[in-house]
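Here the structure comes first, spelled out in structure tokens, and everything after it is commentary.
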Amino acid sequence: MKLNIAVLQGDGIGPEVTAQAVKVLKAVAMEFNHIFTFQKALVGASAIDKTGNPLPEETISICKKADAVLFGAIGDTKYDEDPDAKIRPEQGLLGIRKELGLYTNIRPIIAYEDLLNKSSLKVKQIKDTNILIYRELTGGIYFGDRYLSDDGNIASDVCKYERFEIERIAHLAFKAALSRKRKLTLVDKANVLESSRLWRRVVKEIAPQYPNVKVNFMYIDNAAMELIIHPRQFDVILTENMFGDILSEEASVIVGSIGLLASASIGDKHAMFEPIHGAYAKAANRGVANPIASILSAAMLLDHFGLYEEAALVREGVDKSLKLHITTPDLNNKYDNITTTKVGDFIEDFIQNPDETNLN
Ligand code: IPM
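So for the sequence shown, the numbering used here puts the first residue at 61; every next one is plus one.
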């Protein structure tokens, strides 16, 4: 298969972790006779530094022409500390999601057997957790009207949803549930928010089309607690943009490190694959960033194009690296010399020689 992949490395640890995912994809292409080409483009704080724009036109055009986008990370502390900054790196990520129409963000939350003791939660609580979060990505409060009064004392952000925005992601979430444990939980705040009540109404209306999926509804505050106390009760979680952002980051506690969480952002025409972690400028260029989230995002890219065997091999490589403690310091107290690149090299080696790769 021929794939043209746009690579938006972004900021902080973005370039380092993305380089490992590209390395792994190149190894896959080699072993399975595919032709993957990679084209880099600017986004985020690094794009602001070079062009004054977090999402240059050229980047949008490269991404629109590509078969898929591999995204790194975005953000810079100098903007975090300045609430008055009008141009912000995050606009690059939000802009590309909107431009490409990536309305469904899929975030798998899996408690790896070999990492159960890395979580701050009890092993018996988290064992066998396997959740798929379907986060709406191009609507809600992230994209609603914003207002700041002239005197700077009043501000508002509107959370708005239209029926079609809920329907399209809900159908995908129901279909995903059908191929799993057939349970879908809609997380909302329908006891307070009108937009949440619309979500509930629409999901209830769609549910009869999927009679084999058991649907339940949970308020976000309760879900935040249940996710930590009884994560195994969840199969597919469907939720709006901001609740999905918060819940998925919370779920990283179950997995042991946010450096493990991958995601796929899917629209009708385009698809982008990105770790859920941020840019962590403090960790940049020290070789300590965990590349697994980026590598697993590449595996989701392969799955998206039906390259299931290839994706499975990448995941096997990741599993083996975890088993052998070939992991960066966020997960490793056994070896302190395993760098970002070493993890990528190990998984690359595994893809080239699945039967022989061991710690050396
Ligand atoms: C994520 C991030 C982004 C979001 C930020 C960087 C805009 O936290 O992908 O989860 O909030 O969507």
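The beta carbon of each residue, even a glycine, is placed where N, CA and C say it ideally should be.
D136 and A341: beta carbons closer than 8 angstroms?
Against the sequence shown, residue 136 aligns to sequence position 76. Against the sequence shown, residue 341 aligns to sequence position 281. Yes; because the gap between Cβ atoms is below 8 angstroms, this pair is in contact.
Straight-line CA distance for G316 to S209? Within the sequence shown, residue 316 is the residue found at index 256, counting from 1. Within the sequence shown, residue 209 is the residue found at index 149, counting from 1. Their backbone Cα atoms lie some 42 angstroms apart in a straight line.
Looking at the unbroken beta strand (DSSP E) that takes in P168, where does it start and where does it end? As a first step, residue 168 is located in the sequence shown; it is residue number 108 there, counting from the start. Segment 164 to 170, the beta strand (DSSP E) holding P168.
| said: As a quick exercise: from V218, F203, I288, I306, pick the residue whose alpha carbon is nearest that of K187. | reply: Counting from one through the sequence shown, the residue named residue 187 turns up at place 127. Answer by Cα proximity: I288.
**Study point:** Secondary structure of L253, DSSP reduced to three states
**Key:** Reading the sequence shown from its first residue, position 193 is the one you call residue 253. In the three-state reduction of the DSSP assignment, L253 falls in the coil class, being assigned neither a helical nor a strand state.
- Boundaries (first-last residue) of the beta strand (DSSP E) holding L192: As a working mapping, residue 192 is identified with position 132 in the sequence shown. L192 -> beta strand (DSSP E) spans 190 to 196.
* To do: Compute the minimum distance between the beta carbon of L39 and the heavy atoms of the ligand IPM, and state whether it is under 7 angstroms.
  => Outside the shown range of the chain (61 to 420) lies residue 39, about which nothing can therefore be said.
### Task
Please list, in chain order, all residues of the same chain as A343 whose beta carbon is under 8 angstroms from its beta carbon, the five residues on each side excluded.
As a first step, residue 343 is located in the sequence shown; it is residue number 283 there, counting from the start. Answer for A343: G72, I73, A349, listed in chain order.
Quickly, what does DSSP pair S216 with across the bridge? List them, please.
Taking the sequence shown and counting its residues from 1, one reaches residue 216 at position 156. Beta-bridge pairing links S216 to Y207.
**Asked** On the premise that D127 lies in contact with I65, defined as a C-beta separation below 8 angstroms, what is that separation, rounded to the nearest angstrom?
**Response** Your numbering for residue 65 matches position 5 in the sequence shown. Your numbering for residue 127 matches position 67 in the sequence shown. About 7 angstroms separates the two Cβ atoms, so the contact holds.
Query raised in the report: How about I122 and A101: do their beta carbons lie closer than 8 angstroms?
Result: The residue given as residue 122 occupies position 62 in the sequence shown. The residue given as residue 101 occupies position 41 in the sequence shown. Yes. Within cutoff.
Would you be able to state if there are at least three C-beta pairs under 8 angstroms between the segment 136 to 145 and the segment 169 to 180? Pairwise C-beta distances place the segment 169 to 180 out of contact with the segment 136 to 145, as fewer than three of them are shorter than 8 angstroms.
Checklist entry - Relative to the alpha-carbon of S216, which residue among S308, D205, D328 has its alpha-carbon at the smallest distance? => result Locating residue 216 in the sequence shown gives position 156, where the first residue counts as 1. If we check each option's Cα against that of S216, D205 comes out closest.
Does the segment 106 to 118 come into contact with the segment 79 to 98, if we say contact requires no fewer than three beta-carbon pairs (one atom in each stretch) closer than 8 angstroms? no
- request: List in chain order: all unbroken alpha helix (DSSP H) runs of 4+ residues lying wholly within the segment 364 to 402.
  value: 368 to 383
- Message: Which same chain residues end up closer than 6 angstroms to Y270 when comparing Cβ atoms and leaving out the 5 residues on each side of it in sequence?
- Response: Your numbering for residue 270 matches position 210 in the sequence shown. F234.
**Prompt:** Which same chain residues, not among the five before or five after L258, have their C-beta less than 8 angstroms away from its C-beta?
**Reply:** Indexing the sequence shown from 1 puts residue 258 at position 198. These residues qualify, in order along the chain: Y221, R223, I226.
Three CB pairs or more closer than 8 angstroms across the segment 181 to 201 and the segment 387 to 396: no
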